[in-house]
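Numbering-wise (the working numbering), the sequence shown opens with residue 54 and increments by one. Report on the structure given below.
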Amino acid sequence: MAKSKNHTNHNQSKKAHRNGIKKPKSYRTRSMKGVDPKFRRNAKFALVGSRKARLEAKEAS
Numbered sequence: 054m055a056k057s058k059n060h061t062n063h064n065q066s067k068k069a070h071r072n073g074i075k076k077p078k079s080y081r082t083r084s085m086k087g088v089d090p091k092f093r094r095n096a097k098f099a100l101v102g103s104r105k106a107r108l109e110a111k112e113a114s
């Protein structure tokens with residue numbers, strides 16, 4: 054009995070290009086998904102602090 058085929062790449066490229074191979078959409082800020090939770094929490098508080106500082110600097114000038 055003949056051995057069965059293990060792998061073929063036939064037609065895969067055509068299938069992939071039917072709807073086009075698209076680049077991932079780039080956004081203004083990168084997602085924090087998968088980042089260390091401790092770092093995310095600290096970044097959130099740091100953002101609030103820098104917003105306050107920027108607002109105070111704006112009012113002072």
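Note that the Cβ used here is the ideal one computed from N, Cα and C, for glycine as well. Keep in mind it's a predicted model, so treat the numbers as computed, not measured.
Residue 111: first and last residue of the uninterrupted alpha helix (DSSP H) it sits in: 90–113
Short Cβ contact (8 Å threshold) for residue 85 with residue 93: yes
Alpha carbon to alpha carbon, how far is residue 89 from residue 55? 53 Å
Please report the residue range of the alpha helix (DSSP H) in which residue 71 lies. 65–71
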